[in-house]
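Below: the structure, in structure tokens.
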Amino acid sequence: MRKCLLMLISLIVCLLVTACGNSGDQAENKSEMIEMSTEEYDTANEEGSILFSDNALMNQEADEAQESEDVMEKVEVDSIDRKIIYTANLQIEVKHLQKAVQDMESEVTEKGGYIVESNLYGATGGEVKSGTITVRIPQEHFRAFIQLVEEGSSKVVESSISGQDVTEEYVDLESRLKSKRIVEERLLDFMDKAQKTEDLLKISNDLADVQGEIEELLGRMKYLENKVDLATITIHIVESNVKLSGMDQDDLNTWDKTKQQFLKSINWLLTAFSGIIIFFIGGLPLFVLLGIVCLIVFFVLKRLSQKRRNE
Numbered sequence: 069m070r071k072c073l074l075m076l077i078s079l080i081v082c083l084l085v086t087a088c089g090n091s092g093d094q095a096e097n098k099s100e101m102i103e104m105s106t107e108e109y110d111t112a113n114e115e116g117s118i119l120f121s122d123n124a125l126m127n128q129e130a131d132e133a134q135e136s137e138d139v140m141e142k143v144e145v146d147s148i149d150r151k152i153i154y155t156a157n158l159q160i161e162v163k164h165l166q167k168a169v170q171d172m173e174s175e176v177t178e179k180g181g182y183i184v185e186s187n188l189y190g191a192t193g194g195e196v197k198s199g200t201i202t203v204r205i206p207q208e209h210f211r212a213f214i215q216l217v218e219e220g221s222s223k224v225v226e227s228s229i230s231g232q233d234v235t236e237e238y239v240d241l242e243s244r245l246k247s248k249r250i251v252e253e254r255l256l257d258f259m260d261k262a263q264k265t266e267d268l269l270k271i272s273n274d275l276a277d278v279q280g281e282i283e284e285l286l287g288r289m290k291y292l293e294n295k296v297d298l299a300t301i302t303i304h305i306v307e308s309n310v311k312l313s314g315m316d317q318d319d320l321n322t323w324d325k326t327k328q329q330f331l332k333s334i335n336w337l338l339t340a341f342s343g344i345i346i347f348f349i350g351g352l353p354l355f356v357l358l359g360i361v362c363l364i365v366f367f368v369l370k371r372l373s374q375k376r377r378n379e
């Protein structure tokens, strides 16, 4: 009985040892297969060409778009500096147009700005001089320059300032640019590894498209930066101290009074003539009615007069 029990125990132990050996062999076989697959994959990448499909690019761009959205949300949370485009329109009166323009030009140069456009209109026969100047001023000197212009004028007819917030657009451009840069780097890496001609052509076309989009984004960003850094101010100037050649101030006043009196006389005549026309045209129905009544009375009186003569 003891011998049978020992034999049974020995048989069980042999079976367990055999099973463990088989599982170890299977694990070793699996690891060998994995190593072989890895070596074959590496060998294929080293010796073969890199296949670059549209679906792969689309997936990469989708991943980068998601990354750009995450970056944009993080930037918004961090509350970056606002980017605002300032513009101003001024309409002023000055005593000496040429001197005022020269002072403005000097002030613009001193503050690091420049003149975009300058149109001045001369005066002949006592007409009022005028002009329009458009300048670009660094944003930090924007308010100070407007204050100097207003203080140097004899009268500020109109003054308006407006601002356009382009922060959101600029942040979006930055995020898209980062995404495109990552795609560009991956395409360059694929190009270095590609060996087949069709793969190189495909990657080159995609790389050219991405680089074109990058140039567009950079151009728009530079445009916004320029608009933000330099505010635009348009100034309409009118000279209010005009003198006629060969006359002093008293003669100028006399001439002005004469013109005013002449204009008043013309205005009075026009008003009187207009009143007469209004009177006749407005009372036309009444005049017609009175005319009809007068004709009826005339014919009645005439017939009565004829009857009396016949009698």
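Residues 69 to 379 (the numbering used here) are what the sequence shown spells out, left to right. Every residue gets a Cβ at the ideal spot worked out from N, C-alpha and C, and that includes glycine.
- The three-state reading of DSSP puts R288 in helix, counting H, G and I together.
- Counted as a single uninterrupted DSSP element, the alpha helix (DSSP H) harbouring R371 occupies residues 352-378.
- In the DSSP assignment, D233 falls within the beta strand (DSSP E) that extends over 223-233.
- Per DSSP, the unbroken alpha helix (DSSP H) holding G220 starts and ends at 210-220.
- Contact between E307 and V203 is absent: CB atoms are separated by about 19 Å, not below the 8 Å threshold.
- Spanning the alpha carbons of Q263 and E284 requires a straight line of approximately 31 Å.
- Taking C-beta atoms as the reference points, L292 and V234 count as a pair closer than 8 Å.
- DSSP places S174 in no beta strand (DSSP E) but in the uninterrupted alpha helix (DSSP H) bounded by 165-178.
- Judged by beta-carbon spacing, L275 lies within the 8 Å limit of L255, meaning their Cβ atoms are closer than that value.
- With at least 16 other beta carbons inside 10 angstroms of its own, A168 counts as buried.
- Taking C-beta separations shorter than 7 Å and ignoring five residues to either side along the sequence, the partners of I271 in its chain run F120, L255, F258, M259, A262, following chain order.
- Shown here for N187: same chain residues with a beta carbon closer than 7 Å to its own, the five before and five after excluded, namely G199, T200 in chain order.
- For G199, the three-state secondary structure derived from DSSP is strand.
- Nearest C-alpha to G180 among A299, I345, F347, L354: A299.
- Under the three-state reduction of DSSP, A156 is assigned to strand.
- Of all alpha-carbon atoms in G280, K327, W323, L245, the one lying nearest the alpha-carbon of M289 is that of L245.
- Taking every protein chain shown into account, the CB of I305 has 16 or more other CB atoms within 10 angstroms, so this residue is buried.
- A straight line joining the alpha-carbon of R211 with that of K325 spans about 41 Å.
- For A299, the beta-bridge partners assigned by DSSP are I205.
- Y238 has no beta-bridge partner at all, per DSSP.
- Per DSSP, S186 is one residue of the beta strand (DSSP E) stretching across 182-189.
- With respect to the 8 Å criterion, I183 and E175 are not classified as neighbours on the basis of their beta carbons.
- Taking G231 as the centre and dropping the five residues before and after it, the same chain places the C-beta of I152, I153, Y154, T155 closer than 8 Å to its C-beta, in chain order.
- CA-CA distance, Q207 to V296, rounds to 7 Å.
- For a cut-off of 8 Å, the C-beta gap from I303 to L158 is around 5 Å, short enough to register as a contact.
- Taking a C-beta distance under 8 Å as the contact criterion, I160 and S221 qualify as a contact pair.
- Under DSSP, E161 takes part in a beta bridge, and its partners are K223, V306.
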